[in-house]
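Single-structure report; data block below.
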Amino acid sequence: MNMRPKKQQLLRWLPDALVQTRGSALGGTRYLTFDDGPDPDYTPRLLDLLARHGVNASFFLVGHRVEQHPALVERMVAEGHLIANHSWSHWSFKPMPLRKQVEEFQRTDQLLRSFDQQPQHRLRTPQGYLDTRLLLYCARHRRNIVYWSYDSMDYQKPSHGELVARLRAAPPKAGDIVLMHDDSDRATDALAVLLPEWLAQGQRFHALPGNAA
Ligand SMILES: [Zn+2]
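The opening residue of the sequence shown carries number 1296 in our numbering; numbering runs sequentially from there.
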């Protein structure tokens, strides 16, 4: 989840079709992204909140959790959210051979395809890990990796008050890809307060476009 700012800087030099760290700022759009779901306890409340405000988002899903909770993924697609690929097991990619990393993505792609009929999905590795071999593989096979430009740091388990205060003090800007998680209530609770404020200020939120390949 966390990444050293220096690495983030380097990734910005790569073409968006290979590694995307920001979205289009046209129309003042921001892009909410949620990792690690679907979760039967937390995802439904988040989907309710997004629906209430007419906001679409992108969900980077863990394959084995998709298998356990398919109805939540059907709902995401039906409600206009982007579903994307956050590996099958969510194990660390660091000690994994490339062949196994690719298997993680391919197995999840295959399952996600049954929901949205797309052959490939945008990728985000667990913890944002990316080594040169995987980068070259993605370039060769036209796979697209999505990072973020705005880290909510909801995974650091801040209190509700802390998280709201921090996000309110420095809200996402146009074009920002916002990293959040739906394996707890933290992001949903904060957005329940902030989304109405941000929308009233004229901020707009959309799902990322799908995989170009
Ligand atoms: Zn994750």
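For glycine and all other residues, C-beta sits at the position ideal for the given N, C-alpha and C.
{"Check": "Histidine 1455 versus Arg1438, Gln1422, Ser1479, residue with shortest Cα-Cα distance", "Outcome": "Ser1479"}
{"Check": "Alpha-carbon spacing of proline 1365 relative to proline 1467, whole angstroms", "Outcome": "31 angstroms"}
{"Check": "C-alpha distance - glutamate 1369 paired with aspartate 1411, whole-angstrom precision", "Outcome": "9 angstroms"}
{"Check": "Whole-angstrom distance between glycine 1332 and valine 1441, CA atom to CA atom", "Outcome": "16 angstroms"}
{"Check": "Closest residue to leucine 1425 among Pro1392, Gln1415, Gln1451, Ser1409 (Cα-Cα distance)", "Outcome": "Pro1392"}
{"Check": "Where the alpha helix (DSSP H) containing valine 1361 begins and where it ends", "Outcome": "1358-1363"}
{"Check": "Spatially closest choice to valine 1397 from Trp1386, Leu1344, Leu1429, by CA coordinates", "Outcome": "Leu1429"}
{"Check": "Nearest to histidine 1476 (by Cα), restricted to the options Arg1347, Arg1307, Ala1312, Arg1340", "Outcome": "Arg1340"}
{"Check": "Sub-7 angstroms separation of asparagine 1506 and glutamine 1415 beta-carbons", "Outcome": "yes"}
{"Check": "Close beta carbons around leucine 1458, own chain, < 7 angstroms, minus the five adjacent residues each side", "Outcome": "Asp1449, Arg1481, Ala1485"}
{"Check": "Whole-angstrom C-beta distance between phenylalanine 1355 and arginine 1419, which should lie under 8 angstroms", "Outcome": "5 angstroms"}
{"Check": "Continuous alpha helix (DSSP H) assignments of at least 4 residues falling wholly in the region 1308-1358", "Outcome": "1338-1347"}
{"Check": "Inter-residue spacing [alpha-carbon to alpha-carbon] between glutamine 1451 and serine 1319", "Outcome": "28 angstroms"}
{"Check": "Spatial distance of serine 1447 from leucine 1344 (CA atoms)", "Outcome": "18 angstroms"}
{"Check": "CB of histidine 1501 within 7 angstroms of CB of threonine 1324, strictly", "Outcome": "yes"}
{"Check": "Heavy atom of ligand 1 within 6 angstroms of aspartate 1446 beta-carbon", "Outcome": "no"}
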